[in-house]
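In my numbering, the protein residues as written are 125 to 166. Virtual Cβ for every residue (Gly too), placed ideally from N, Cα, C.
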Amino acid sequence: MRVPELGAQKQGMGGGAYREGAGFGIGLGRLALALEAQGIPL
């Protein structure tokens with residue numbers, strides 16, 4: 125997921141297919157910045 129409002133480091137989370145299923149990773153700090161950029165109060 126990309127969040128253009130975050131500037132040069134706009135990647136908010138990522139994931140992919142793995143041998144036995146799927147996985148993802150997300151940084152809570154990046155999520156908080158993305159929510160604030162969208163005008164969603166924390």
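Comparing C-alpha distances from Phe148 to each of Met137, Leu157, Leu155 shows the shortest one belongs to Met137. Under the DSSP assignment, Ala132 falls outside any beta strand (DSSP E); it carries neither an H nor an E label. Inclusion of Leu130 and Leu157 in the CB contact set at 7 Å is warranted, their separation being smaller than that value. Note that the C-beta distance between Arg143 and Lys134 is not below 7 Å. In this chain, Gly151 is not harboured by any alpha helix (DSSP H), its DSSP state being neither H nor E.
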